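See below for the structure under consideration.
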Amino acid sequence: MKYFKLSVAFLASLVLFSCNREEIEGEVEAQAAPIVRLGDEIVGDALAVKFASVPTASEISEIEAQKGVTLQRVFPSTPGKEELEARFGLDRWYEATIEDGSSVEKVAHTLSKVRSVQLVQLESIARKEYEGTVYPESSSDTRATAATFNDPMLINQWNYKNGGSASISKTAMAGADVNVSDVWANLTCGDPSIIVAVVDEGVKHSHPDLQANMWVNSKEVPGNGVDDDGNGYIDDVYGYNFVDNGPITWAIVNAAGDGDSGHGTHCAGTIAAVNNNGKGVCGVAGGSGAGDGCRIMSCQVFSGIRGGSASAGSRAIKYAADMGASIISCSFGYTSAYQSDDAYIRAVGSMEIDAVHYFEACRNNDVLDGNIAIFAAGNEAHDYAHYPGAFYDIISVSAFGPDGLPAYYTNYGPGCNISAPGGEAYHSSGNFKSMILSTLPSELQELGESSSSKGLDYGYMQGTSMACPHVSGVVALALSYAKQLGKKFTRDEFKRMILSSVNDIDQRIGSKASKTYAYGHQELPLAPYYHQMGTGMIDAWRLMMKIEGTPCLTATTGKSQYIDISSVFGTASVSLTYLDVKVPQATIDALGLQKITGTTSGKYVPVPEGECYAYVQFGRLYIHPTKTGSGKIYVDAVGGGDHLGGGSNPPGGMKLEQVVSLVAREVDGGNGTGGWL
Amino acid sequence: MMFKRFLIIAVAALALAGCKGHREEPSKAIDVTGEWELTSITTRGASIGGTPIAVYISFTAEKTFELYQMIGEGRYTYFKGTYQLSGESLSGTYESGKPWGSVYTVAMEGDQMTLTTNGGSETDTYRKTTIPQAVKDNIY
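Line by line, the protein sequences are chains A and B. Adding 186 to a residue's 1-based position in the first sequence gives its number in this note's numbering. Adding 88 to a residue's 1-based position in the second sequence gives its number in this note's numbering.
Structure, rendered in structure tokens:
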């Protein structure tokens, strides 16, 4: 359950309201509408109201004349979507712009007393959930790697395949990643029909490592100043700028150096930078280089020092729904020292939550009966997630560093559903490789501490903002793979699959009292994070296995082990006769399986004669992985007897051919390989 | 008024008794040596469900431990390693070099020992026992 401290301010406003009621006794007969806010900072000259029913033009005119506001519908209606808009109340949200200079609080109270108003919402201003500093990457490392793709900077993207290298961080842990490289090599790299909307700063759609994976609205003629497709937005070719109501921008910086940071372009690169193009970085769902990457739609809600309003964000989310996005990646949230409980928000509603629910109810792919929204959990090291992601049915992402432990800034606790790599600077002085490397707009004048950074297309950032697009990318890959296999799921079923496709994070958290950061000068106590980082570290391979329906077991690297396979063959697995265990070369390579020879002694059962990489006896799979990775093993057994049927008497059993998937990690797997303590 | 006076006297008496008890019974150092059987699990996280669990642990004075566990049905899995006890804080390392899943806070009461995980989300209770030979013989 997600819960938060009840707003002192909100209580105060209720008290204020109850005082006012007496004064306006003759004017108001109906109960005043609730006033809701989700964050600390609010827009000063506008607020939103939700009517109990769709208001008439005369009602609107009357309120405008009497209350000193201009009312404008927040969500433009989309032909064919009217019923869905009505179901989620999007046709009843209006933005009230204050015309007479009154305070927003005063106008809120005034509007709350209008009989036809169901809810008044103070428009919170969202903040990008990143640490605020960008460090450029100028190298074009071309060292040979065993990586799947030829992108030269992939070697520094530990977030995809973390080998535990000290060049990333002295405390890096192999396997603290999203486990995507084996998915790329064996299963899928993306699908262009799966569109991810980056609700953020504008994405530099002309970026050399993004351009080929940008969604393009083919019905819109670029730059002709006409709304060619009649969707209410002019020249929305790659998305739309909901702050300035115009073309997408990504490099607006004022004289003081404040403004765009490249945040949207960075998040977009993590989701779907073009893979295998010989340039820069890779994206989780960036394709194989054959034009098969998932597509990025830019829904701009921050512009320079402006933006982040609830109405702009809500409009952007509806746009994403109406224009075909299957996922919204929202690396923002409302900083808040107070507010609220889910039950209260469920009861009274909010504009953003209505927009997200509308988005999730739309169906924009062949796999799900809806769409998926992903939010960042927040960067204040609060023990709860920020809204809107904190809401109970929205996925909110916390961040871990290359050490597989909570990043020092991440929010955790109630509302945080899952964790992903967010990066963490300060593991060692002058080394930013422990952060997340992705695409950036080269136009930005000021990039971090470097004066020579202008013109660079790549750089490092950190935050739950960076964790969020990892989950978005993995979900995009998963939808691509499900489409490839012709599988269909409900949206809620898919959410459960996402949240349960994880590697353990608590074993490491629980085993250490604290971790070191800030160049070794600060200790972060870990006890508060135990069982508070959502369900664990997202694992792309595991999610693909869930889509396939292949059971996935966990092995521990660096030791010989027996893994209980009763979850695959049932409780009779101990007594079954096993005919064969096939280990493909790809699995041997991915897990670095050690060859088994000779016979072990003592308590363990003997190894079969000859050499092998895995065998099964007494319902246990014996293996010895030497590195983190993922792969499949094929096990044949006899069901119903000790030999196969179909031959001479006596009758024999049926052949059971089972595929078993393995994920090798440094922590104990929990399949009988780990001790109780 | 009468009741108030009684209350003050009672509180004072309790406070005195508390002081006296504290002086006469200094806290003893925790000693976990011996053989233990898991008797109950209190967890705030995921439920163990209906899976039968049997765990026996032996802590020696030489700071080594042996662990026999059966989760589900079948035979016991055997582990061993070393442990450290610092005040109420119990930590350990398996023979493989892997640390325990948590550092535990130990509390003793009679022949009962409770181990609470770092963060307090799970408390396991053990009772002093002699590990049956049948357990030691029934291992993988």
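Backbone N, C-alpha and C define an ideal beta-carbon position, used for all residues, glycine too. Remember, predicted model here, so these are calculated numbers, not experimental data.
Q) How do the segment 367 to 386 of chain A and the segment 436 to 443 of chain A stand: do at least 3 beta-carbon pairs fall below 8 Å, yes or no? A) no
Q) Would a check of beta-carbon distances place A:Trp-862 closer than 8 Å to chain B? A) It does: the Cβ of A:Trp-862 has a partner Cβ on chain B nearer than 8 Å.
Q: Determine the chain A residues that contact B:Thr-121 at a beta-carbon separation under 9 Å, and present them in chain order.
A: By Cβ distance, chain A contributes nothing, its closest Cβ being about 16 Å from B:Thr-121, past 9 Å.
Q) Between A:Pro-737 and A:Ser-651, which are expected to be in contact by the criterion C-beta below 8 Å, what is the C-beta distance as a whole number of angstroms? A) At roughly 34 Å, the Cβ-Cβ gap does not stay under 8 Å, so A:Pro-737 and A:Ser-651 are not in contact.
(Q) Ignoring anything shorter than 4 residues, give me the alpha helix (DSSP H) runs that lie fully in the segment 506 to 592 of chain A, in order along the chain. (A) Entirely contained in the segment 506 to 592 of chain A, the alpha helix (DSSP H) runs reaching 4 residues are, in chain order, 528 to 534, 537 to 547.
Q) The alpha helix (DSSP H) with A:Ala-251 in it runs from where to where? A) Counting along the chain, the alpha helix (DSSP H) containing A:Ala-251 begins and ends at 243 to 253.
Q: Mind listing the chain B neighbours of A:Ser-697? Cutoff is C-beta to C-beta under 9 Å, in chain order.
A: Ser-179, Lys-186, Pro-187, Trp-188, Gly-189, Ser-190, Val-191, Asn-206
Q: For A:Tyr-644, return the contacting residues in chain B, with the cut-off set at a CB-CB distance below 8 Å.
A: Correct list: empty, because the minimum Cβ distance to chain B is about 37 Å.
**Q.** Within chain B, the residues that A:Ala-823 reaches when beta carbons sit closer than 8 Å
**A.** Here the premise fails: no neighbours, minimum Cβ distance about 17 Å.
Q: Consult DSSP for A:Glu-629 and reduce its assignment to one of helix, strand or coil.
A: coil
Q. Within the 8 Å Cβ cut-off, does B:Val-143 reach chain A?
A. Yes - at least one Cβ of chain A is within 8 Å of the one on B:Val-143.
Q. Between A:Tyr-716 and chain B, is there a C-beta pair that is closer than 8 Å?
A. yes
Q: Work out the CA separation of B:Val-191 and A:Leu-626 for me, nearest whole Å.
A: 42 Å
**Q.** Beta-ladder partner(s) of A:Leu-848, from DSSP
**A.** A:Leu-739, A:Gly-817
Q. In whole angstroms, what is the alpha-carbon distance linking A:Asp-555 and A:Leu-762?
A. 41 Å
Q: Go through its chain and collect everything with a Cβ distance to A:Tyr-864's Cβ below 7 Å, but skip five positions before and after it.
A: This structure leaves residue 864 of chain A out entirely; chain A is present only between 187 and 863.
Q) For A:Val-824, which beta-bridge partners are listed by DSSP? A) A:Thr-763, A:Lys-841
Q | Cα-Cα separation between A:Ile-354 and A:Tyr-764, rounded to whole angstroms | A | 43 Å
Q.
Let me check understanding here. Comparing Cα to Cα, which of A:Val-849, A:Leu-305, A:Tyr-799, A:Ala-562 lies closest to A:Arg-313?
A. A:Ala-562
(Q) Just to confirm before moving on: does the CB-CB distance between A:Ser-517 and A:Cys-453 stay below 8 Å? (A) yes
(Q) By the DSSP assignment, the alpha helix (DSSP H) with A:Ala-776 in it spans what residues? (A) 771 to 777
Q. For A:Ala-294, which option in A:Thr-242, A:Val-255, A:Gly-564, A:Asn-431 has the closest C-alpha, if you only look at C-alpha atoms?
A. The closest CA to that of A:Ala-294, considering only A:Thr-242, A:Val-255, A:Gly-564, A:Asn-431, is found on A:Val-255.
Q) So what does DSSP say about B:Asp-212, is it helix, strand or coil? A) strand
Q. If we ignore side chains and look at the alpha-carbon of each, how far apart do A:Ala-390 and A:Trp-727 end up?
A. A small correction: the amino acid at residue 390 of chain A is Lys; Ala does not occupy that position in the sequence shown. In a straight line, the C-alpha of A:Lys-390 is about 30 Å away from that of A:Trp-727.
Q. Hey, A:Val-423 and A:Asn-410: beta-carbon distance below 8 Å or not?
A. no
**Q.** Neighbourhood of B:Lys-116 by C-beta, 7 Å cutoff - its chain only, sequence neighbours within 5 removed
**A.** none
Q: Measure how close the beta-carbons of A:Met-719 and A:Ser-605 come, nearest whole angstrom, since I'm counting them as under 8 Å.
A: 5 Å
Q | Distance between A:Thr-451 and A:Gly-649 (C-alpha atoms, nearest Å) | A | The straight-line gap from Cα to Cα measures roughly 15 Å.
Q: Measure the alpha-carbon distance for B:Ser-184 versus A:Arg-806 and round it to whole angstroms.
A: For B:Ser-184 and A:Arg-806, the distance between alpha carbons rounds to 19 Å.
Q | A:Val-407 classed as buried or exposed, judged by whether at least 16 other C-beta atoms fall within 10 angstroms | A | exposed
Q | Secondary structure, beta strand (DSSP E): runs of 3+ residues fully inside the segment 277 to 337 of chain A | A | 279 to 284, 303 to 310
Q | Sufficient close CB pairs (3 or more, under 8 Å) joining the segment 545 to 560 of chain A to the segment 671 to 691 of chain A | A | yes
(Q) Counting C-beta neighbours from all protein chains within 10 Å, is the total for A:Met-840 16 or more, i.e. buried, or is it exposed? (A) exposed
Q) Exposed or buried, what is A:Gly-564 when buried is set at 16 or more other beta-carbons lying within 10 Å of its beta-carbon? A) buried
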